[in-house]
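With this note's numbering as the guide, the letters of the sequence shown map in order to residues 880 to 1348. Take a look at the structure set out below.
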Amino acid sequence: MEKDLILYASQNEYIDKVRRFAYELELKRNHKPLYFTHTFGCQQNESDTEKINGMLSDMGFEKTDVREDADVIIYNTCAVREHAEQRVFGTIGSLVGLKRERPSVVVGFCGCMMQRNEVSEELRKKYKHVNLVFGTHAIGRFPENLYKALTSGERVFDVIEQKGKIVEDIPVKRGHDFKAWVSVMYGCNNFCSYCIVPYVRGRERSRDPQRIIDEVTALLKDGYKDITLLGQNVNSFCNDSDSDWNFAKLLRRINEIEGDFRIRFMTSHPKDATKELIDTIAECDKVCNHLHLPFQSGSDRVLDLMNRRYTREKYKSLVDYAKSKIPDLVLTSDVIVGFPTETEEDFLETMSLVDEIGFQGLYTFIYSVRKGTPAAEMEQVDEKVKHDRFDRLCALQTEKATQFNSKFIGKTVKVLVEGFTGEDKANQTGRTEGNIIVNFPACGAEPGTYKNVLIDKALNWAIFGQAID
Ligand code: SAH
Ligand code: SF4
Ligand code: F3S
880 MEKDLILYAS QNEYIDKVRR FAYELELKRN HKPLYFTHTF GCQQNESDTE
930 KINGMLSDMG FEKTDVREDA DVIIYNTCAV REHAEQRVFG TIGSLVGLKR
980 ERPSVVVGFC GCMMQRNEVS EELRKKYKHV NLVFGTHAIG RFPENLYKAL
1030 TSGERVFDVI EQKGKIVEDI PVKRGHDFKA WVSVMYGCNN FCSYCIVPYV
1080 RGRERSRDPQ RIIDEVTALL KDGYKDITLL GQNVNSFCND SDSDWNFAKL
1130 LRRINEIEGD FRIRFMTSHP KDATKELIDT IAECDKVCNH LHLPFQSGSD
1180 RVLDLMNRRY TREKYKSLVD YAKSKIPDLV LTSDVIVGFP TETEEDFLET
1230 MSLVDEIGFQ GLYTFIYSVR KGTPAAEMEQ VDEKVKHDRF DRLCALQTEK
1280 ATQFNSKFIG KTVKVLVEGF TGEDKANQTG RTEGNIIVNF PACGAEPGTY
1330 KNVLIDKALN WAIFGQAID
């Protein structure tokens, strides 16, 4: 038996009860009761919402995009920056009237932000119209919590911190038909000094490799073509178990599965990214030539304060190795500007690293104080200075990305077609193996199929061309 495992079936009693409840509503109304869900935050949260949607569908509810029609409303929240939290508080406020008009509606908030004590206490005291609150550790008790919220007339809070468990066999309602997220591990042990994630997601827990392989195999059978393996730091996969598995081995094993598909993954922490990982990307044809490797800062002094445990030199040599092994490498990254005590000189080191490396894409964040983390206690940088640095970095990156994307002009790229860019259906869009957006005049290619596109134009956020056979 795998350790710390909970199966969805352990909730059977409540699953049945919710099903009966939903069925009675359906008989009364001649249609299934409806649910509305919305996700803030990262792919981990997207993936959790797909599980919540899967459970709701399994228990007899139907998805709606109209919040006002729903019987169950659930927002999956993110705590990574203050701005993300402010948006959630705005949403909470916007639900007061709806709950007043239809008191039987379940108004639920879940995910990372709810796992913060301060937030769940504020909801408990000030926002009485919210009647279901659960944290990241409670997803396995969703049927039970939902049943109580639907029937007890009491507010349900399930935000206890507990040693992390892994819940398996939850039905998943995927958001796409040919792109899928597959979590390989949960939680984070790194405690970067600015980051709230380890506090709200708990310690690292890796899934059983065979379960991951089975899930990917089943997805491929269902026609999925683009699989993203998810974890806060996939490179520590199975470090929490005594098995001899590691992430590179998992990639090789998935690469062996038959079929024409793409495997990508995020996120890699530079301190744990190995040459073995890079060799694996280079050698496995289905593993995409795309590496998302957040560097956060170009200054060693700041990296040390961030508790990142690598230097600028180590980061650069890793990238050099990757570039030498993977000729068409598409490198993307995350960076924070205005980390506490960051000087102009530190910032210029970030600018020069961005200039030297030439990332295809960069997620640039302004440092946001997260109470309870070590960086919150450090000397803060002036807001205006932060914004000025942010603007300068974005301008440089726009230039670098355009430069990178221009390399494709005159070349043919293989695109996994996703859909149309606008209502008029004049243009289609898709992605390269390196995850670069490609737009081209509609040519009748079906979403989920591959098409070759000859590139004739490049901007910083996408490349453009004509479909060819
Ligand atoms: N596990 C991933 C990152 C998850 S959070 C990794 O280590 O790469 C996504 C990004 O949000 C981080 O890479 C970081 O750039 C940014 N971030 C995290 N905490 C932040 C904060 N307090 N302020 C601003 N940006 C932050
Ligand atoms: Fe946050 Fe660092 Fe963990 Fe990423 S590795 S989730 S930045 S603590
Ligand atoms: Fe946000 Fe939680 Fe992801 S804090 S970034 S949704 S792990």
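Cβ coordinates follow ideal geometry from the N, Cα and C atoms, glycine included.
Which residue marks the beginning of the beta strand (DSSP E) containing residue i, and which one marks its end?
{"i": "Thr1220", "result": "From DSSP, Thr1220 is part of no beta strand (DSSP E); its letter is neither H nor E."}
{"i": "Asp1105", "result": "Asp1105 to Leu1109"}
{"i": "Pro954", "result": "Per the sequence shown, the amino acid found at residue 954 is Tyr instead of Pro. Looking at the DSSP string, the run of the beta strand (DSSP E) that includes Tyr954 is Val951 to Thr956."}
{"i": "Phe1283", "result": "Per DSSP, Phe1283 belongs to no beta strand (DSSP E); it is in the alpha helix (DSSP H), Glu1262 to Ser1285."}
{"i": "Val1012", "result": "Leu1011 to Phe1013"}
Three-state secondary structure (DSSP) at residue i?
{"i": "Asp1335", "result": "strand"}
{"i": "Thr1291", "result": "strand"}
{"i": "Met880", "result": "In this prediction, Met880 has a pLDDT of 44, which is less than 50 and means its spatial position is unreliable; nothing more can be read from the coordinates."}
{"i": "Gln1041", "result": "coil"}
{"i": "Lys1165", "result": "coil"}
{"i": "Phe1021", "result": "helix"}
{"i": "Tyr1200", "result": "helix"}
{"i": "Asn1318", "result": "strand"}
{"i": "Ala1346", "result": "strand"}
{"i": "His917", "result": "strand"}
{"i": "Gln1175", "result": "strand"}
{"i": "Arg899", "result": "helix"}
{"i": "Asp1195", "result": "For clarity, residue 1195 is Lys in the given sequence; the question names Asp instead. Correct three-state label for Lys1195: helix."}
{"i": "Phe968", "result": "helix"}
{"i": "Met1257", "result": "coil"}
{"i": "Met1230", "result": "helix"}
{"i": "Lys1058", "result": "strand"}
{"i": "Met993", "result": "helix"}
{"i": "Lys1304", "result": "coil"}
{"i": "Ile858", "result": "As shown, the chain starts at 880 and ends at 1348. That puts residue 858 outside it, with no answer to give."}
{"i": "Tyr1329", "result": "strand"}
{"i": "Arg1084", "result": "strand"}
{"i": "Glu941", "result": "strand"}
Starting from residue i and walking both ways along the alpha helix (DSSP H), at which residues does that stretch end?
{"i": "Met934", "result": "Gln922 to Asp937"}
{"i": "Leu1210", "result": "Not the alpha helix (DSSP H): Leu1210 falls in the beta strand (DSSP E), residues Val1209 to Val1216."}
{"i": "Lys1005", "result": "Asn996 to Lys1005"}
{"i": "Leu1241", "result": "From DSSP, Leu1241 is part of no alpha helix (DSSP H) but of the beta strand (DSSP E) over Gly1240 to Ile1245."}
{"i": "Leu977", "result": "Val975 to Glu980"}
Excluding five sequence neighbours on each side, which residues of the same chain lie with their C-beta closer than 6 Å to the C-beta of residue i?
{"i": "Phe823", "result": "Any answer about residue 823 is impossible in this case: the structure gives the chain only from 880 up to 1348."}
For residue i, which residues of its own chain have a beta-carbon under 7 Å away from its beta-carbon, when the five flanking residues on both sides are left out?
{"i": "Met880", "result": "Since pLDDT at Met880 reaches only 44, below the 50 mark, its modelled position is unreliable, and the value read off the structure follows with that caveat. Excluding residues within five positions, none has a Cβ falling inside 7 Å."}
{"i": "Asn1125", "result": "Phe1116 and Cys1117"}
{"i": "Glu1221", "result": "Val1181 and Val1260"}
{"i": "Asp948", "result": "Leu913"}
{"i": "Asp1151", "result": "Asn1112, Asn1114 and Ser1115"}
{"i": "Met934", "result": "Phe1021, Pro1022, Ile1049 and Pro1050"}
Apart from the five residues on each side of it in sequence, which residues of its chain come closer than 8 Å, Cβ to Cβ, to residue i?
{"i": "Phe968", "result": "none"}
{"i": "Gly1066", "result": "Gly1043, Pro1077, Arg1080, Gly1081, Arg1082, Glu1083, Arg1084 and Gln1111"}
Problem set entry | Segment contact flag, the segment 1283-1290 with the segment 1132-1145, C-beta cutoff 8 Å, min 3 pairs | no
For this session: Mind the definition here: the segment 989-1000 touches the segment 1011-1020 only if three or more C-beta pairs lie below 8 Å; say whether that holds.
Result: yes
Exercise. Touch check for the segment 1217-1232 and the segment 936-948: three-plus C-beta pairs under 8 Å?
Worked result: no
Problem set entry | Complete beta strand (DSSP E) runs within the segment 1101-1152 (minimum length 3 residues, chain order) | 1105-1109 and 1141-1145
For this session: Assess, as a yes-or-no matter, whether the segment 967-986 is touched by the segment 996-1008 under the definition of 3 or more beta carbon pairs within less than 8 Å.
Result: yes
Exercise. Would you call the segment 893-908 and the segment 929-943 touching, i.e. three or more CB-CB distances under 8 Å?
Worked result: A contact exists between the segment 893-908 and the segment 929-943.
For this session: Decide yes or no for the touch test of the segment 1324-1332 against the segment 1294-1301: beta carbon pairs closer than 8 Å, at least 3 of them.
Result: yes
Exercise. Can you find at least 3 beta carbon pairs, one from the segment 1139-1157 and one from the segment 1095-1114, that sit closer than 8 Å?
Worked result: yes
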